[in-house]
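Those letters in the sequence shown? Residues 62 to 503, per this note's numbering, in order. Here is the structure we will look at.
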Amino acid sequence: MQHRGQESSGIVSTDGSHLYRYANMGLVANIFTQPKIKELIGDSAIGHNRYSTTGASFLRNAQPIRVESHLGPVALAHNGNLVNSWDIRNKLERDGSIFQTTIDSEVIVHLMAKSHKSDLLEALCESLAQVRGAYSLLVLTPRYLIAVRDPNGFRPLVMGKRSDGAIVFASETCAFDITETEYVRDVEPGEMVVIDHTGMRSLYPFPKAKPSLCIFEYIYFARPDSYIFEESVYKVRKSLGRQLARVMPVEADVIIPVPDSANIAALGYSEESGIPYQSGLVRSHYIGRTFIEPDQKIRDFGAKIKYNVVKEVVNGKRVVIIDDSVMRGTTSRKIIKMIRNAGAKEIHFRVSAPPTVAPCYYGIDIPTHKELIASTHTIEEIQKYLRVDSLAYLTLDRMHKAVEGHKGGGFCDACFTSNYPVEFQDHAGNQKSLFTEYATEE
């Protein structure tokens with residue numbers, strides 16, 4: 062699951078008596094050497110790859126977080142973003158709580174520690190009833206392994222089973238393929254799955270809400286070999302490309318994707334349009350996903366060294382570039398300049414999603430309104446900035462048509478529409494910088 066976060070990684074395990082934790086900055090393969098893995102004693106564990114949506118990027122903020130309280134030792138791993146965590150944190154600090162991190166997830170364990178409930182499950186339910194936003198959680202104690210998904214179901218959470226009977230949870234099913242785990246089902250929105258020595262049971266402690274599954278997971282974030290929200294990511298991405306070819310056709314000689322997240326959409330566009338698909342951009346896989354880097358300077362530098370053009374593919378050709386999304390436009394502009402310099406006769410830019418016009422407050426680090434190029438510029442202005450012969454985005458209705466017939470219910474498309482399914486305070490979108498003000502690097 063390294064593609065979902067590359068800033069830090071951590072694991073907490075339990076032997077039924079104690080919790081053992083190790084976390085560090087960087088990638089899983091570099092952090093978890095064999096000696097470190099041997100220190101993680103026990104037969105139950107939770108792990109986390111972090112990409113920051115709130116809180117600074119340094120070791121203290123690595124997850125899973127582990128705390129001690131009257132409920133005993135508790136570890137928590139969180140995928141998502143809590144839109145009211147800043148207000149809760151302020152209140153808890155006024156009441157005497159001392160926070161060890163600058164991440165939103167820590168408010169959950171502080172609420173549990175403040176709870177008068179003596180039962181951990183009751184304290185967890187009481188705490189989660191006070192937070193709003195997106196959370197797919199794994200909670201580990203010496204007694205319990207608990208998986209919880211928020212009532213809207215913003216972030217994916219899947220459950221599988223190994224041949225030895227072990228239960229496995231992950232954000233995506235691709236994790237099951239390498240661990241010989243059979244997919245069982247998705248954890249449902251609003252569901253709490255509890256595993257202990259007596260077995261497994263499901264609780265539904267929260268009021269029902271309208272499903273708001275993150276459609277951007279399909280567009281960019283998830284791996285194409287995964288199933289999330291009970292549907293193939295590959296299938297949806299190819300459908301997005303086909304829909305784009307139908308509504309935004311263009312006469313051209315070759316189609317090239319911006320690798321890797323646009324590869325499948327470009328394949329769909331090629332199959333629908335009949336224009337040949339070529340690998341005209343080569344990506345260095347030693348460079349991480351620039352979109353999820355925490356700093357703009359890192360993103361800009363990453364774009365410079367991440368891609369190179371295959372001149373034989375584009376020289377003298379009318380080229381269609383397919384990308385999955387455009388945020389600031391800086392990376393796209395650099396890529397287009399490279400392709401133009403390699404001899405492309407025409408460049409037509411096609412995006413397999415609608416214009417991104419609004420930030421995400423539910424767990425994707427999409428920039429502020431003023432940073433999003435489509436929020437402050439017209440299509441014509443963006444085309445001029447990118448220096449392309451034509452520019453077109455997938456329409457909103459065609460994006461939803463690509464997931465038509467989906468069994469999981471409705472989608473959150475707030476980054477394209479500004480229609481937010483869960484209310485947030487005005488400062489919620491700035492929580493990352495607000496929390497970072499209190500951070501000191503380690």
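Idealized CB from N, CA, C, for every residue including glycine.
For residue i, name the three-state secondary structure that DSSP assigns.
i	result
residue 396	helix
residue 148	helix
residue 261	strand
residue 460	helix
residue 409	strand
residue 233	coil
residue 168	helix
residue 220	strand
residue 28	What is shown of the chain runs 62 to 503, which leaves residue 28 out entirely.
residue 477	helix
residue 139	strand
residue 342	strand
residue 323	coil
residue 67	coil
residue 353	Residue placement at residue 353 is flagged as unreliable, the pLDDT there being 44, under the threshold of 50; a coordinate-derived value is accordingly withheld.
residue 208	strand
residue 174	helix
residue 330	helix
residue 336	coil
residue 485	coil
residue 403	coil
residue 379	strand
residue 179	coil
residue 200	strand
residue 370	strand
residue 188	helix
Excluding the 5 residues flanking residue i on each side, which residues of the same chain have their C-beta closer than 6 Å to its C-beta?
i	result
residue 287	233, 234, 235, 294
residue 264	253
residue 399	370
residue 336	313, 316
residue 474	276
residue 325	285, 295, 298, 299
residue 453	309, 411
residue 225	none
residue 138	107, 109, 124, 125, 199
residue 203	75, 77, 78
residue 134	80
Please report how far the alpha carbon of residue i lies from the alpha carbon of residue j, in whole angstroms.
i	j	result
residue 310	residue 424	33 Å
residue 128	residue 136	6 Å
residue 405	residue 150	53 Å
residue 395	residue 401	10 Å
residue 277	residue 242	26 Å
residue 229	residue 207	11 Å
residue 158	residue 178	18 Å
residue 486	residue 190	17 Å
residue 297	residue 279	7 Å
residue 148	residue 340	48 Å
residue 171	residue 480	31 Å
residue 184	residue 175	9 Å
residue 291	residue 188	28 Å
residue 412	residue 458	14 Å
residue 346	residue 99	29 Å
residue 414	residue 436	14 Å
residue 247	residue 289	8 Å
residue 69	residue 88	6 Å
residue 166	residue 391	31 Å
residue 385	residue 323	5 Å
residue 126	residue 484	27 Å
residue 152	residue 173	14 Å
residue 478	residue 445	24 Å
residue 442	residue 343	28 Å
Residues in its own chain within less than 8 Å of residue i by CB, not counting five upstream and five downstream?
i	result
residue 397	382, 408, 410, 447, 448, 449
residue 238	286
residue 439	none
residue 433	388, 389, 417, 418, 419, 420, 427
Apart from the five residues on each side of it in sequence, which residues of its chain come closer than 7 Å, Cβ to Cβ, to residue i?
i	result
residue 245	220, 221, 222
residue 328	299, 302, 338
residue 101	72, 74, 81, 83
residue 92	70, 85
_Under 8 Å, with one C-beta from each stretch per pair, do the region 186-200 and the region 132-151 reach the 3-pair mark?_
yes
_Measuring CB atoms only, is the region 451-471 touching the region 296-306, in the sense that at least three cross pairs come out at less than 8 Å?_
yes
*Whole beta strand (DSSP E) runs in the region 75-121 with 3 or more residues, listed along the chain?*
80-86, 105-111
*Is the region 369-377 touching the region 313-325, taking contact as three or more C-beta pairs under 8 Å?*
yes
_As an exercise, report each continuous alpha helix (DSSP H) stretch of at least 4 residues that is fully enclosed by the region 238-319, in chain order._
294-308
*Assess, as a yes-or-no matter, whether the region 158-167 is touched by the region 209-219 under the definition of 3 or more beta carbon pairs within less than 8 Å.*
Verdict: no, contact absent.
*Does the region 74-82 come close enough to the region 91-107 that 3 or more CB-CB pairs lie under 8 Å?*
yes
*Sequence ranges, alpha helix (DSSP H) only - wholly within the region 414-449, length at least 4*: 434-437, 440-447
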